[in-house]
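Novice:
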Amino acid sequence: MAPRTTAGQAFIHLLKGYIGPGCLSLPWAVSQVGFLGGAIAIAIMSFWSSYNCWTIVKIKRYIERANMENFRVNETDETKSAKSETASSVASSALTYPDFLALCICTQQLAICTVFFSFIGENIYAVCELVPEAVPSIFTSHIGVMTVALPFIMGLSFIPSLDALTPVMVAGTLLLFSGFGVVGYVISLVWEDRPTDPVDIQWKSAPLALCAILYSYEGICLILPIESSMAEPKKFKMVFWSAMFCIALILATVSMVCVYAFGEVTNGSVTAFLLEEYKGNTSVIVFLMVANTAVSLSVLFTYPIQLFPTLEILGPKFTKCSFMSNITEVFPKMTIPGDSLLLRVCLVILTYTVAVIVPNVQALISLAGAVAGSSSALLIPPMLELALIEHLETQPDVTKSPKISNPSFRQSMSAQNPSLLMSLWRHDLSGKYWKMKLKCYCSFWMGFIFFLIGAYASIADILSIWTSKD
């Protein structure tokens with residue numbers, strides 16, 4: 001059994017899991033929508049995504065309580081099996097379309113890992129450009145830097161559990177806030193020379209900016225693994241909302257202060273932007289190089305935790321293939337069922353390859369936020385909650401503690417596939433839970449509209465980048 005984490009460790013995992021390249025791309029987003037628009041967008045996205053995340057936790061706990069009650073009432077082999085399911089698989093089984101849920105979560109996490117690769121490449125490359133004679137030739141290209149980072153990321157990705165990963169996350173958190181501290185010192189040095197021109201709102205880029213803001217909440221899919229790994233899950237509510245408040249405050253502060261101090265930010269990484277902007281200023285350039293390196297190392301240390309949700313989903317599927325199962329037998333066993341070093345190697349190589357193909361970090365961030373972020377944070381939670389409501393309405397007496405008889409909750413939820421799909425289209429507000437249904441419908445369709453607009457704008461932006469190349 002994997003070691004359990006404390007409330008403090010869970011807080012650190014949440015804080016560092018959420019704050020990464022997305023935070024450093026927010027100054028660009030605020031530059032597109034202005035201070036007021038940026039503040040409102042960050043507040044809305046923070047509450048919307050956090051509320052949806054907590055909804056997932058509540059649904060998962062309901063399923064666990066229901067299965068436990070059934071275990072006490074009728075201790076059958078089926079309920080024993082249900083009791084032993086992991087948190088992520090329990091949540092997945094509640095969805096009417098579990099394959100869609102798994103696809104969205106895996107896409108979200110692998111997109112985040114891909115952005116991490118691209119971010120490290122862009123930021124370290126920006127530092128090396130300033131001292132080309134002092135670094136090996138491989139560091140003189142974006143792809144070269146990512147290639148050098150590959151074995152280090154691979155090694156960190158072999159850490160087997162969240163508990164063992166805690167020292168790495170602490171180091172990453174210290175590096176990140178050290179980088180923020182150095183940037184704050186640079187702000188104090190250039191404060192008197194800060195731009196006085198107002199920030200012009202770029203309406204054409206507003207959808208991309210909103211996608212970048214949503215992407216900044218890049219720890220969405222870490223919620224269930226972190227909650228499940230706690231020694232005392234009952235403390236998770238306090239840990240979760242405390243972390244979400246701190247994260248929203250940090251994201252808003254960093255983005256607003258940077259734009260106020262430096263003016264319009266034109267790069268998806270504010271530290272890389274500052275290196276280019278102040279490369280002729282000898283009084284601050286060294287500090288900016290230190291800050292850039294610190295945040296890049298912080299992102300490198302954060303990479304492995306972003307793999308865990310994907311590992312929990314793909315691990316069992318990976319071992320179902322007899323050929324892959326025979327191969328993984330020669331590798332050391334990991335704490336997650338079905339997990340293996342081979343699976344981790346494949347995922348790391350995949351994210352590296354995509355980062356090489358689409359090296360523009362801002363384009364990757366916007367696309368990840370539009371497609372993967374909106375699916376995981378805005379579409380899946382209301383679908384899950386609506387599925388639970390559909391299930392509750394089929395119970396003989398929903399006012400009592402649910403006692404799930406055969407078929408199991410998982411089976412009954414799966415049997416509702418057609419009814420849930422039709423419910424999304426016909427907006428059925430009948431029944432005692434009509435207010436909850438209305439909330440789910442509104443949340444789902446707003447998220448779907450965000451998904452369509454953001455995906456179109458992001459893909460168009462990537463195509464324009466490719467077509468503009470010589």
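Note that the UniProt record's numbering has the sequence shown beginning at 1, numbered continuously upward. All C-beta atoms, glycine included, are put in the ideal place defined by N, C-alpha and C.
1) Whole angstroms are fine: how far does the CA of SER430 sit from the CA of TYR303?
2) Is DSSP giving THR282 helix, strand or coil here?
3) Reducing DSSP to helix, strand and coil, say where THR140 ends up.
4) Can GLY144 and ILE153 be called in contact, C-beta distance under 8 Å?
5) Flag this pair as yes or no: are the beta carbons of GLY17 and TYR215 separated by less than 8 Å?
6) Under three-state DSSP, which class holds THR5?
7) Using only alpha-carbon positions, find the residue among SER375, ASN52, PHE119 and LEU110 that is nearest to LEU24.
8) Which residues in the same chain as PRO195 place their Cβ atom closer than 6 Å to its Cβ, once the five residues preceding and following it in sequence are excluded?
9) Under 6 Å Cβ to Cβ from ALA29, same chain only, skipping five residues before and after it: list those, please.
10) Would you be able to state if there are at least three C-beta pairs under 8 Å between the segment 124-131 and the segment 285-294?
11) Name the DSSP beta bridge partners of MET230, please?
12) Tell me the rounded alpha-carbon separation between PHE448 and SER374.
13) If you run the structure through DSSP and keep just helix, strand and coil, what is LYS439?
14) If we ignore side chains and look at the alpha-carbon of each, how far apart do SER141 and VAL295 end up?
15) Say whether the segment 258-275 touches the segment 171-188, bearing in mind that this needs 3 or more beta-carbon pairs closer than 8 Å, one atom from each stretch.
16) Determine contact between the segment 166-186 and the segment 7-14, defined as no fewer than three beta-carbon pairs at a distance below 8 Å.
17) Going by DSSP, what residue range makes up the alpha helix (DSSP H) through ARG344?
18) Unbroken beta strand (DSSP E) runs of length 3 or more, entirely within the segment 104-160: which are they?
19) Give the secondary structure of ASP197 by DSSP, where H, G and I count as helix, E and B as strand, and everything else as coil.
20) Determine the extent of the alpha helix (DSSP H) in which THR173 is found, giving its start and end residues.
Specialist: Concretely, from the data shown:
1) Linking TYR303 to SER430 through their CA atoms gives a straight-line distance of about 45 Å.
2) Per DSSP, reduced to three states, the secondary structure at THR282 is coil, with no helix or strand assignment.
3) THR140 sits in a helix when the DSSP states are folded into three classes.
4) No; because the gap between Cβ atoms is not below 8 Å, this pair is not in contact.
5) Contact: no.
6) Taken through DSSP and simplified to helix, strand or coil, THR5 comes out as strand.
7) Answer by Cα proximity: PHE119.
8) Excluding positions up to five away in sequence, the list reads GLY263.
9) Taken in chain order, the residues that qualify are ALA209, ALA212 and ILE213.
10) With the rule of 3 Cβ pairs closer than 8 Å, the segment 285-294 counts as touching the segment 124-131.
11) The partner list for MET230 (beta bridge, DSSP) reads THR5.
12) Taking the CA atoms as reference points, PHE448 sits about 8 Å from SER374.
13) Note: LYS439 maps to helix in three-state DSSP.
14) Cα to Cα, the separation comes out at about 19 Å.
15) The segment 258-275 and the segment 171-188 touch, with no fewer than 3 CB-CB distances between them shorter than 8 Å.
16) The segment 166-186 is in contact with the segment 7-14.
17) Here the alpha helix (DSSP H) through ARG344 covers 341-357.
18) Entirely contained in the segment 104-160, not one beta strand (DSSP E) run reaches 3 residues.
19) Coil at ASP197, not helix or strand.
20) Where THR173 is concerned, the enclosing alpha helix (DSSP H) stretches over 162-190.
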